[in-house]
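Reading the sequence shown from the start, the letters are residues 4 to 57 in the working numbering. Idealized CB from N, CA, C, for every residue including glycine. Small disclaimer: the values here were computed from a predicted structure and weren't measured. Before any comments, here is the structure.
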Amino acid sequence: MTERELIKLEGTIRKKMDDIRKQRVSLKDSGIGGLMVSLKKVDEALYEKDSSRV
């Protein structure tokens, strides 16, 4: 995932979190879970890449 895609993903998650907070959409209907899983995979990959440098 490129840095641009990561920034876009973070923006989408923030928008959905705001929609949930303002009760425009339910947590279940927002689809935020799948986005968070995608973010977690990227984060874990970056962590593994960074820890292999040490």
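For THR15, the secondary structure class from DSSP, reduced to helix, strand or coil, is helix. As the crow flies, the alpha-carbon of ILE16 is around 10 Å from that of ILE23. Here LYS19 really is in contact with SER33; their C-beta atoms are around 5 Å apart, less than 8 Å. Pairing LEU38 with LEU12 gives a Cβ-Cβ distance under 8 Å.
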